[in-house]
Amino acid sequence: MAKAVDYYLVPASPYAYLGHQRFLDIVRKRGATMNMKVVDAGKIFPVSGGLPLAKRAPQRQAYRLMELKRWRDYLGVSLILQPKYFPVASDLAARAINAAVATDPAAAPDFALGVMRSIWAEERNIAEPEVIGAAARAAGLSADKILAAAQSPETAATYDRLTQEAIDRGVFGFPTFVYRDELFWGQDRLDFLDRALAKG
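Read left to right, the sequence shown gives residues 563 to 762 (my numbering).
Structure (structure tokens):
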């Protein structure tokens, strides 16, 4: 039976950024495929008990920074704990990544990583089309085509559909990986996903 993992993410998630390349490496190692689905946390959090960062209790915000520092140092990944452009409106970035999945799925994972790196390692504003365009070009994509597709009604409808799909499947945080209807929430659950894929 083919192994396929549904991968739900939001481009502004630092944990999606920390786990993205490791997830891709696991998928390749296990001979699996992945379906990358970028969704709208702003619609998912209200129906799943989540809160945007600014509305979380101070102790939760403080612990989040501690955990990010731990993971950054452990993984050796470049990550600015409090980047200049965060929180950030990420709808354009999300739709652009979904557009890349639809038009060039081989390049889409690198594009997604480039978008996330723009926030967390380069302190760039992913609400700006030129930042998305630069990430597209770095991934070998046409910036003009990706930006045009990102603003199309078809891509907007896909964004809404994937968001509702995530809600229906019980997704509440990011990244979330779904394998054989089992959810694995967070980049710190990748070891469990790896073991599940190893079993077949």
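The beta carbon of each residue, even a glycine, is placed where N, CA and C say it ideally should be.
Using only CA atoms, which one of the options lies nearest to residue i?
i	options	result
residue 739	564, 592, 598 and 573	598
residue 673	633, 663 and 701	701
residue 644	731, 576, 720 and 715	576
residue 670	703, 617 and 734	703
residue 658	730, 688, 737 and 647	688
residue 640	626, 716 and 676	676
Could you tell me if residue i is buried or exposed, where buried requires 16 or more neighbouring beta carbons within 10 angstroms of its beta carbon?
i	result
residue 636	exposed
residue 587	exposed
residue 724	buried
residue 611	exposed
residue 630	buried
Tell me, to the nearest whole angstrom, how far the beta carbon of residue i is from that of residue j; I am working on the premise that it is less than 8 Å.
i	j	result
residue 691	residue 752	Not a contact, Cβ separation roughly 32 Å.
residue 573	residue 600	6 Å
Please list the terminal residues of the continuous alpha helix (DSSP H) segment that includes residue i.
i	result
residue 653	653-665
residue 675	670-682
residue 754	752-761
residue 705	705-712
Would you say residue i reaches chain B, if we count a Cβ-Cβ gap shorter than 8 Å as a contact?
i	result
residue 713	In the structure shown, chain B does not exist; there is a single protein chain.
The beta strand (DSSP E) with residue i in it runs from where to where?
i	result
residue 569	566-571
Whole runs of the beta strand (DSSP E) within the stretch 611-638, excluding any shorter than 3 residues:
none
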